[in-house]
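Q:
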Amino acid sequence: MSEKKKVCMVCGKPSEVSICDVCKAQIQGEAIDKKQKIEREVRIGPEVEKEKKKQKR
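Under our numbering, the residues of the sequence shown are numbered 589 to 645, in order.
Structure (structure tokens):
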């Protein structure tokens, strides 16, 4: 019987694990960037509302 070659599911390069370390780091980095962007938007929203209320006075 021939052995199946294990490859990364993302890049297709030979790897002992389903997702190689390089791809794993890339995916985690993208997720952190997206999380931080969302957190900045959430933080900015209430600050903008406060400024609008101050300007109306």
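Built from N, CA and C at the ideal position, the CB exists for glycine as well. Nothing here was measured: the structure is a model prediction, and the numbers come from that model.
1) In whole angstroms, what separates the C-alpha of Gln614 from that of Glu627?
2) In whole angstroms, give me the CA-to-CA distance for Ile607 and Gln643.
3) Measuring only the C-alpha atoms, how far is Val630 from Cys611?
4) Alpha carbon to alpha carbon, how far is Lys593 from Gly600?
A: On the basis of the supplied data:
1) 20 Å
2) 52 Å
3) 29 Å
4) 10 Å
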